[in-house]
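Throughout the sequence shown, residue numbering follows the numbering used here, covering 654 to 1017 in sequence.
We put the CB at the ideal spot given by N, CA and C, even for glycine.
Here the structure comes first, spelled out in structure tokens, and everything after it is commentary.
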Amino acid sequence: MKLRVGTVLQLLVVATRAAFVQYTVVEEEVWNGLLGEPDVICKTDQILLQFLTVRPFHGRIYVRGHAGSIPCQKDFFDSKENTNPMFVVPLDKCSTKRMRTANSTGLTFSNTVVIGFHPVFVTKPDKVYNVSCVYQEFERTLKNQMDVSTVTPETKQEIAEVPECKYSLRLGSLTGVEVEFAKVGDRIFHVWECNKGKSDLFMMQFMWYAENEFSDHYRILVKNCRVEDGQSEIFEVIDGMGCSADVSLLTDVSYVPGKALAYAECSAFKFADFSSMKFQCRLDICLTPQDSCYFTSPPVCHRTKRSITKSWVTVKNNAENQSVAVNTLTLRRALKIKDPRPKEIGKSSLIDTTLHFKSLPMKY
């Protein structure tokens, strides 16, 4: 088949125009974005995320780290005119985090949600949100108790002093500077301390002791401490009794008499391929002799070889089966550890290099 030069040029022009038109149409269809910020709706068993888009949404929404699992992701590839998508984050699935903090009167549930406008790739219009809901469970309980209480109104307004607690990582000593970065071998002190604050969380609990000479010296118990690399490895460093699971990593917890202060010492360590170390501990605050940990703090740790070596655990949420104190807090700290600097080692050997390395280029 023979084509004249003019015909070939004409075909090239047509093909170029066709390609340009196709690209323009795709570009117009792909471009999209949010109108304003998403709305968060807190339900009893789920978090709802709803938002508006400039054009109909044909992408997908997923919880970060769970893009391929249901019900942690939802696609909208077949939706036609949906510019108001909604996504459900279950409270009991998709690695939704549950956290009780020292200054909170309830539970905070949170997760990270990605809104993707492309069905496969992460693109410029995509948005990532840390979505959270705070459930004030104690406020509801307190209100119900106050409704049926026969205590005088003056007593109801009385606010008891309760502790505010902190978990810190300190370099070199108990009073050293707080650190977020360290290197393998650094002397690190894990410090748990509680100071008096004011909150209505335990108001009903303390009203009944208002007429007595209530001691200001409460007790704390550090237990169920674990460290994880943020991926899959979890290591227990303090067990459910409050004893060190491996004293070569972390010493037993020491308690300062007369103070709500405890500490343990370690030489900084890390996982083999990860620098991030995420520590998490439970802290029981024992305010009266009726509380479960009042007479077990400080714990008596009987050190045996078996208890030291059996430290790798699979952590499960079995809080429902445990006896808790008046207030049980979960405290967390993160630390990034640098690998030790490699040491140069080598030996000199008297050999004839021309016999062994003839084919290798020499560099000087």
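Nearest Cα to T736 within the set P743, R708 and G721: R708. Here the alpha carbon of D905 sits roughly 6 Å from the alpha carbon of C896. Positions of the beta strand (DSSP E) runs, each at least 3 residues long and wholly inside the stretch 707-761, are given as 713-716, 726-728, 739-743 and 750-752 in order along the chain.
Collapsing the DSSP output to three states places W845 in a strand. Residue pairing for D692: DSSP places it in a beta bridge opposite Q703. About 11 Å separates the beta carbons of D882 and F932, which is beyond the 8 Å limit, so they are not a contact pair.
By the Cβ neighbour-count rule, I938 is buried, with 16 or more other Cβ atoms within 10 Å of its own. The residue among N685, L701 and A835 with its C-alpha nearest the C-alpha of Y782 is L701. Rounded to the nearest whole angstrom, the CA to CA distance from W845 to N877 is 13 Å. For E881, the secondary structure class from DSSP, reduced to helix, strand or coil, is strand. Rounded to whole angstroms, the separation of the alpha carbons of F762 and D698 is 10 Å.
In the three-state scheme derived from DSSP, where H, G and I count as helix and E and B as strand, K777 is classed as coil. For I723, the closest C-alpha among the options V741, T706 and S732 is that of V741. Within the DSSP bridge table, the entry for T983 names R935 as partners. Under a 10 Å Cβ-count criterion, D728 is classified as exposed, with fewer than 16 other Cβ atoms of the shown protein chains found around its own Cβ. Here T904 is not bridged, per DSSP, to any residue. According to DSSP, F834 shares a beta bridge with K989. In this structure, the alpha-carbon of P738 lies about 22 Å from that of D745.
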